[in-house]
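Right, one structure below, let's go through it.
Numbering (my numbering), first residue to last: 900 to 1008.
If you want it as structure tokens, here you go:
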């Protein structure tokens, strides 16, 4: 497995990061809006966002004084191709992925 796949799977291993990805499926969000539903510091959320950005799962950009986050769904493509090699997994369907993330969020609450 390549280092980039390691990074993607490591990023997806954390429930907070999966929850953030689920939120970003809806729309781009300011970092402060991403942090709002979580009971952790803005610094802790920023670390999660840095991990997601390093894995290529999100993109961050500064608009004025506000840092925004945007989902990069194509980053899951390499992971999907790798899983398909086992013949047990279908290609990643982003709608199904969104439903999975929403279900994970409900179960964690």
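From the three backbone atoms N, C-alpha and C, an ideal C-beta is built for every residue, glycine too.
Entirely enclosed beta strand (DSSP E) segments - the region 940 to 992, minimum 3 residues: 957 to 962 and 965 to 970
Residues bridged to residue 928 [DSSP beta-bridge criterion]: As a first step, residue 928 is located in the chain shown; it is residue number 29 there, counting from the start. Answer is 968.
Inter-stretch contact (C-beta, 8 Å, three-pair minimum) for the region 948 to 967 and the region 917 to 927: yes
Same chain only: Cβ atoms within 7 Å of residue 910, ignoring 5 sequence neighbours per side: Taking the first residue of the chain shown as position 1, residue 910 is located at position 11. Taken in chain order, the residues that qualify are 916, 950, 951, 954 and 956.
Contact belief for residue 927 with residue 968 at Cβ below 8 Å, rounded distance in angstroms: Reading the chain shown from its first residue, position 28 is the one you call residue 927. Reading the chain shown from its first residue, position 69 is the one you call residue 968. Confirmed, about 7 Å.
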